[in-house]
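Some notes on the structure that comes next.
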Amino acid sequence: MKKILTSVLALGAMVLIIGCGDGDLVELKNNGNDQTLFDLANKEIMKKYPNYKLYDYVSIRAISDIKNPEGKIKEMKSTLEREKGFLYNNYVFLLNPNDKKDYKIVSVYCDNDLKKNVYCPVNDAPRFYAR
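Residue numbers for the sequence shown follow the working numbering, so the first one is 1 and each next one is one higher.
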């Protein structure tokens, strides 16, 4: 248990460091959610996409290739508000720091099974960033 807590805290510190800077990109912050779930969700994203930095989904405004970013932000926000039944849910903008044209938006949610085991699947959301 201590090892898991240490890993989660280290991930939280890493996310804070990763999320800072890069022009008009918006730092990924925990906006009042359970910190453990926030950290677990971001850890799952980093497992699936280790070469990317994590940012708030509103960062799509900084990408000129994305058409109608305001409409897409509105749709993501609406989806998050509608899906309040999960323990945690969010959209996250991912950017490859070595290739600024390599970006993604993923959705992540955390829930638990009948045995109360928490899981946080990460799903690519190309409809929000496809060129």
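C-beta atoms are modelled at their ideal positions from N, C-alpha and C, and glycine is treated no differently.
Classification of residue i by the beta-carbon crowding that lies within 10 angstroms, buried from 16 upward
| i | result |
| --- | --- |
| Ser107 | buried |
| Ala161 | Not covered by the structure: residue 161. The range shown for the chain is 1 to 131. |
| Pro142 | This structure gives no information on residue 142, because the portion of the chain shown stretches from 1 to 131. |
| Leu219 | The requested residue 219 is not part of the displayed model; the chain covers only 1 to 131. |
Same chain, Cβ closer than 8 Å to residue i, five either side skipped, listed in chain order
| i | result |
| --- | --- |
| Asp34 | Leu87 and Tyr88 |
| Asn112 | Leu87, Val118 and Tyr119 |
| Leu80 | Asn89, Asn90 and Tyr91 |
Close Cβ partners of residue i (< 7 Å) along its chain, the five nearest in sequence each way excluded
| i | result |
| --- | --- |
| Ala41 | Tyr88, Asn90, Val108, Cys110 and Cys120 |
| Pro69 | Ile60 and Arg61 |
| Arg127 | none |
Assumed close pair residue i, residue j - CB separation to whole angstroms, cut-off 8 Å
| i | j | result |
| --- | --- | --- |
| Val122 | Lys53 | Incorrect: roughly 15 Å between the Cβ atoms, too far for contact. |
| Ile66 | Tyr129 | 6 Å |
Beta-carbon proximity list for residue i, same chain, < 6 Å, skipping 5 on both sides
| i | result |
| --- | --- |
| Leu25 | Tyr55, Ser59 and Ala62 |
| Asn30 | Phe38 |
| Asp102 | Asn96 |
State whether the region 73-80 contacts the region 93-100, with contact taken as three or more CB pairs (one from each stretch) at a distance under 8 Å. no
Beta strand (DSSP E) runs contained entirely in the region 26-56, provided each spans 3 or more residues: 53-56
List, from N- to C-terminal side, the alpha helix (DSSP H) runs of 4 residues or more that fit wholly inside the region 47-104. 69-82
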